[in-house]
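Engineer:
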Amino acid sequence: MKKFRKVLDGLSSSSPGGVASPLCGSAAGTPTAHAPTPQDIHVQETLVSENFQICKTVRHGFPYQPTCLAFDPVQKILAIGSRTGGIRILGRPGVDCYSQHESGAAVLQLQFLINEGALVTACADDTLHLWNLRQRRPAILHSLKFNRERITFCHLPFQSKWLYVGTERGNTHIVNIESFVLSGYVIMWNKAIELATKAHPGPVVHLSDSPKDEGKLLIGFESGTVVQWDLRAKKVDFRIYYDEAIHSVSWHHEGKQFMCSHSDGSLTMWNLRNTARPIQITYPHGKILKDGRKESCKPILKVEYKTSRNSSEPYVIFSGGLSYDKSGGRRPTLTIMHGKAITVLEMDHPIVEFLVLCDTPYSNEVQDPYAVVVLLEKDFIVVDLTQSNFPIFENPYPMDIHESPVTCTAYFAECPPDIIPILYSIGAKQKKTGYSHKEWPVSGGTWTLGSQTYPEIIVTGHADGTVKFWDASAITLQMLYKLKTSKVFEKPKAGEGRAGELAEEDPYAVQMVSWCPHSRLFCVVGISAHVILYRFSKHDANTQIVSLEVRLQFDSEDVISPSETENNPCFSDPSSHSPQPPGSPGSGTQDSLPCLKVKNRPVRMPPGYQAELVVQLQWVDGEPPQQITSLDINSAYGLLAFGNCNGLTVVDYLQKTILMCMGTLDLYGAADPYQRLTRSPRKNRQSTSDFCMRGLSHFYSDSKKRIRTSYQSLTELSDNQVSMDMERSKSPTSDHVNGHCTSPTSQPCSVGKPRIPGVPEGPRLTRRGPGRPPFRKAQSAACMEISLPVSSHTEGGYASRRAMLQQLHGVSMYSHDEHHTTSYNWSERESRENSFSRSRSSSVSSIDRDTKESVTTLQFGESYGRKGDALPTACLWVGTSLGVVLLLPMSIPTEEEERLEDTITMGPSGTVLMLKGSVLRFAFLDCGGTLIQSPYEVWRDPNGPEDPDRPRRRKLVNFSPSSSQEACGDGHLAVVCSEKQAKVILMPTQAVLFTHNITESSFVLRADVVSVCNSVCLACFCANGHIMTLSLPSLRPLMDINYLPLTDLRIARTFVFTNGGQALYLSSPTEIQRLTYSQEMTDNLQDMLGELFTPIETPEAQNKGFLKGFFGGNAQTFDREELFGEAAAGKASRSLAQHIPGPMGLENMKAAAGGVVGDLARARIALDQRGERLGELEERTALMMNSAETFSTHAHQVMLKHKDKKWYQL
């Protein structure tokens, strides 16, 4: 029946051209009528839908927009809350857990139930949540929503089940942690203050019980009023009034005095014997001026007052308090006062909160502080208090991913096992020194290396030109090695042309990377249209970097629009709107020069990755070079290829020459599938220096400035008429990084040094395409936060592909007429553009709009250059933004000596295939369905010592299509994926076997052929947030899950797939989210995660002796249940708060068990139920045994009583 259905599908979807019809191409695995059928290939597909499941695994990096901090001194785990409702719980390395409140409300405060494996969170939506930490994935057990009052402060005493909750109205409520219901006991604000007081005391900003007596509760109000409330007597013991607002309160451990921090930068010390006035007022950073006035200071937001056994002097630690005069140019500070010594620690970022870590969890014992945890807005540090110079601990967590904004990511699974130790040994020499020698104090939880681990490496590119290699094995993340690409170039000097403007720019920002772990070749593409090739060496070297300069320009005849859009006002002469940049015609200073200057002297390079070759695009006719949109490198061939919207360049990095430099149109030869009409050239348009020179000054987006793109805000884009008109028919991923798609070139391009033999330099043209600025604000994937108007959304995502792309790629088309704007709004744009489906017609025989063809993807590999070829040869596959696949066969000498001397010949062989949408990915399978890897050269150290007896030779590993498939015959399969379609073709016949329309209403952003469960599949991530997998080669849909709506375009720019069913993306400017789409890994995830809770005995309280206890030194305990229980305090008003059972409560565990870890959850539920039943059975058995023993005893007594009596005496 299945074969019959396939035959019907094939007949219904066939077309005269031998290509499946787009209308029915969405049917999985539709074979083309005139192409070989799948039965001829004999591929046994093993993947089924049950092999796939989406699940988030772990999140790395610094918590974005942190708000609060908490620490469990017994379990030694730490929790950080964020403004987006996230919670990060950290322990020893490997113990790193992320949880998220469904509401997304900011976390205001965190409270651990010390040594209980639970955590209370207070959120900005006035809801309390109780989290269970005794499982690897924390879950909410209970929630309590306050309806009439706003939560401002919470306090949970040690070993207490009653939580004190202060509110904005000044009231204090009490919540039972076990049942998560309110007690009827309430401390009203009007009972806490004097009746004569006319003003409201303000919100509750502090709650704490007295170390001396747990029955006394200290309440601090914002206005400066402090009240000690007697919980037993339900009255006030004393009231303190101070003129300045209170920010925090900290007790001395004996409970006889406490310290307050105030808004005027002062610290006040109060003694309980005399509460009329403070016993001490200090301004730590304020001085008395000559006129007698006090120097005004900033508020002290928090103070900690801790005692130490080793010193009679206490520690006073606080944040803020600097004088306004001094703080103008100074950074945020943390001050440590110990006796007469005052140490001020300057921080790089504002302080969010800090905690002092002490040895004891008891507040009435000597605290003995040993460290201070400081949570900054963009960093997290721990200060060692046990050493006089207060060094910081080396942070074992990857908290510096955002050290410079992330601009691109790459993910490599199943790397060679020796690459990680080598990178680690080299990177260890780069580490900073001066850290504390003590162990990291946050050491809670347990984590063991999982059974299914393999080497994984994540590579991140950054705005400052740095590249970081991370060890991502076993769902952890550790820094391996850091590479600075800016060291290749000369620093701009003051007074040299654009040096002043360049100083605040990111000219070295990394756009994309290409890495071969086997040959250890590494290639970096920068935003200034430069490509840097690195080789790995264990030895240092002192060499000169070879520099090649490429002239890549398009001709006016390449424009494929039928007519000039003269009616467009934005095509007017821009001379009145934008100034000419340096190097424009007339100045003659920038022409035929690259954007950056490579060091022209020998450079000493340390062990690691060492630059060997730099290729740069030149300015042409005063126009800056176009952005590079595609890159591939092959170590076996010794070739490097890159392309942009103007054309393609192929570099022989062994001979340091340019092999090919031609426009996209020249790649077609005589087989151009488009009707390209010439038109008269138009006037030169100059770039705007104001527009292209912007610095990456701020890393985080401002709350008022929700939209962060790389070149313009969304409003500027919507007003830019020329961008919209020139982009309407263009592919969204024509430029994967910048979305820039301009015209190809037919002009032969010249290069700098050395010049290509036999290629004349073309004449300068009068017409130029829209140029791009050479230096601009880096395309930081981290800085993109998109909040589009409601009218621009539909069910499928963005209503306009153009609107989507302008946000995704910064500016899809750079306009020189930036200052010329028109009255154009979102609704007009949508009505003119329709929606996603308007991307590109399936009939692409002619183009009726002004657009240019980019090279969007490149792939080296062994293939058949022409249909009649009998043997595979080295080829370069080229994909363009118009959906065209081109093939360039190459003739490469096999002998090493000839390879270094003879010239490689290559040339286009014509169009192989056409698809809808920009081509995104190539992959090759043999006729058995196995993925064919690209050939590579085995790594050898270029600076290693030479052995005269055994000269070093290149060792190549070649994966030829015909080398491993004698039984399958000649040929191989080529998988091509575009934004809309995926096709599988048979080489060398170039017959289309399968076609699948991936999406109609959206478009694919990322596609990769990956290995999963010992097989391969095509994984796609679409703009509407869907993640799909298709079987190979039949392109049968296996999974289609709406993972997340693409409201944050940072995800689109950084999403990458890798082998083993894993993927990652930048979930925030500071965090990397990893996920899996493999059911096998989802099932094993529980074993890979760390345990947050470890059974530890609670330390016993110290025995203070008879005399100290007799004179009031010991804390008085009291029964809170007796005061706050329902029997004594009654029930609270139902309208005050609403109890919400947690989704992971025992009563609802069955419903949640079908989720991410369904089988494990079901097993756990069954185990719990079995345990409960066994417990009940044990109790019943015990009752029965007691009953049997009682019956036996009574029976024995009756027997003894009547033993000697006759039957008639009974």
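Numbering of the sequence shown is given in our numbering, commencing with residue 315 and proceeding in unit increments.
C-beta: ideal position from N, C-alpha, C; glycine also.
From what residue to what residue does the beta strand (DSSP E) around Q1387 run?
Structural biologist: 1385-1392
Engineer: When the Cβ atoms of the segment 543-558 are set against those of the segment 526-533, are three or more pairs found closer than 8 Å?
Structural biologist: At 8 Å Cβ cutoff, the stretches touch.
Engineer: Excluding the 5 residues flanking L931 on each side, which residues of the same chain have their C-beta closer than 6 Å to its C-beta?
Structural biologist: A843, V864, L866, P939
Engineer: Going by beta carbon distance, what residues of the same chain come within less than 6 Å of A823, once the five residues before and after it are set aside?
Structural biologist: T721, A777, I841, A1092
Engineer: To the nearest angstrom, how far is it from the Cα of L392 to the Cα of C411?
Structural biologist: 11 Å
Engineer: Can you check which of these residues, L603, K390, I533, V409, is closest to G1404 by C-alpha distance?
Structural biologist: V409
Engineer: Classify F726 as buried or exposed, calling it buried when 16 or more other Cβ atoms lie within 10 Å of its own Cβ.
Structural biologist: When all chains shown are included, F726 counts as buried.
Engineer: Measure the C-alpha to C-alpha separation of E381 and V518 and round it to an integer number of angstroms.
Structural biologist: The amino acid occupying residue 381 in the given sequence is Thr; Glu does not appear at that position. So the two alpha carbons sit approximately 18 Å from each other.
Engineer: Report yes if the C-beta distance between L424 and L433 is below 8 Å; otherwise report no.
Structural biologist: yes
Engineer: Could you check which residue in Q681, I614, K549 has the C-alpha nearest to that of D673?
Structural biologist: Q681
Engineer: Taking only the alpha-carbon atoms, compute the straight-line gap between V1289 and T1396 and give it to the nearest angstrom.
Structural biologist: 28 Å
Engineer: Apart from the five residues just before and just after S564, which ones in its own chain have a Cβ nearer than 6 Å to its Cβ?
Structural biologist: M573, V617, E618, Y619
Engineer: Going by DSSP, name the residue or residues bridged to W584.
Structural biologist: F572
Engineer: What does DSSP give as the partner residue(s) for A1288 in the beta ladder?
Structural biologist: F1238, I1299
Engineer: Please confirm if the segment 445-453 is in contact with the segment 1434-1453, defined as three or more CB-CB distances below 8 Å between the two stretches.
Structural biologist: no
Engineer: Any Cβ of chain B within less than 8 Å of the Cβ of C411?
Structural biologist: Absence of chain B from the displayed structure is noted, only one protein chain being present.
Engineer: Could you pull out every unbroken alpha helix (DSSP H) segment of at least 4 residues lying fully inside the segment 1189-1222, listed in chain order?
Structural biologist: 1210-1215
Engineer: When you compare only the Cα positions, how much space is there between T1194 and T1187?
Structural biologist: 22 Å
Engineer: Which class does E1132 belong to by DSSP, given the choice of helix, strand or coil?
Structural biologist: Annotation note: pLDDT 34 at E1132 (below 50); position unreliable, no value reported.
Engineer: Suppose contacts are defined by Cβ-Cβ distances below 8 Å. Is I715 in contact with I1386 by that definition?
Structural biologist: yes
Engineer: Grouping DSSP H, G and I as helix and E and B as strand, with all else coil, what is N1356?
Structural biologist: strand
Engineer: For Q1304 and L1172, I'd like the C-alpha separation in whole angstroms.
Structural biologist: Using only the alpha carbons, I get a separation of about 18 Å.
Engineer: DSSP beta-bridge partners for Q932?
Structural biologist: P908
Engineer: First and last residue of the alpha helix (DSSP H) that includes D980?
Structural biologist: 978-982
Engineer: Buried or exposed for S626, please, with buried defined as at least 16 other CB atoms from any protein chain shown within 10 angstroms of its CB.
Structural biologist: exposed
Engineer: State the start and end residues of the unbroken alpha helix (DSSP H) segment that holds A1366.
Structural biologist: Run containing A1366: 1363-1368, per the alpha helix (DSSP H) assignment.
Engineer: Alpha helix (DSSP H) containing G741: first to last residue?
Structural biologist: Taken as a continuous stretch (DSSP letters only), the alpha helix (DSSP H) holding G741 covers 733-741.
Engineer: DSSP three-state label for Y967, please.
Structural biologist: coil
Engineer: Determine the contact status of R1235 and A1337, defining contact as a CB-CB distance below 8 Å.
Structural biologist: no
Engineer: Looking at the strands, I want to know which residues DSSP matches up with L1332.
Structural biologist: V1323, L1344
Engineer: Which term fits A436, buried or exposed, when burial requires 16 or more other beta carbons within 10 angstroms of its beta carbon?
Structural biologist: buried
Engineer: Helix or strand or just coil, what does DSSP make of W829?
Structural biologist: DSSP places W829 in strand when its eight states are reduced to three.
Engineer: Once the 5 residues before and after P705 are set aside, which same chain residues still bring their CB inside 7 Å of it?
Structural biologist: D698, G748, Y749, S750
Engineer: On the DSSP bridge list, what partners appear for S417?
Structural biologist: For S417, which the question treats as bridged, DSSP gives no partner whatsoever.
Engineer: Does the Cβ of G983 have 16 or more other Cβ atoms within 10 Å, making it buried, or fewer, making it exposed?
Structural biologist: exposed
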